[in-house]
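A short worksheet on the structure shown next.
Here it is, written out as structure tokens:
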């Protein structure tokens, strides 16, 4: 990831296509749905928001204060 980010233009999205256009949430959702569709989990209950929720849960379990979690998750 460090190598990838080092090659990315300053100020660009963390994930972008070869031409520099950012990867959209819809594109990530489509890939996630395709991957999950190949598992026993299926894709009915997961989307990109699942990552935010999961990270918030992880931080909470590690004792991070709720106000910090809210700020990191852009819920404030």
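Residue numbers (UniProt numbering): 1 to 76.
In this text, a Cβ means the ideal position worked out from N, Cα and C, and glycines have one as well.
Predicted model, so just to flag it, every value in this text is computed and none were measured.
Using alpha carbons as the reference points, say which of the options lies closest to residue i.
i	options	result
residue 53	21, 26, 23 and 72	72
residue 55	13, 20, 32 and 74	74
residue 13	19, 23 and 6	23
Starting from residue i and walking both ways along the alpha helix (DSSP H), at which residues does that stretch end?
i	result
residue 70	66-72
residue 32	25-37
residue 51	49-61
What residues are listed by DSSP as bridge partners for residue i?
i	result
residue 16	22
To which residues of the same chain is residue i closer than 7 angstroms at the C-beta, ignoring the five residues directly before and after it?
i	result
residue 42	36
residue 29	47 and 48
Please return the same chain residues whose Cβ sits closer than 8 angstroms to the Cβ of residue i, not counting the five positions on each side in sequence.
i	result
residue 59	68, 69 and 72
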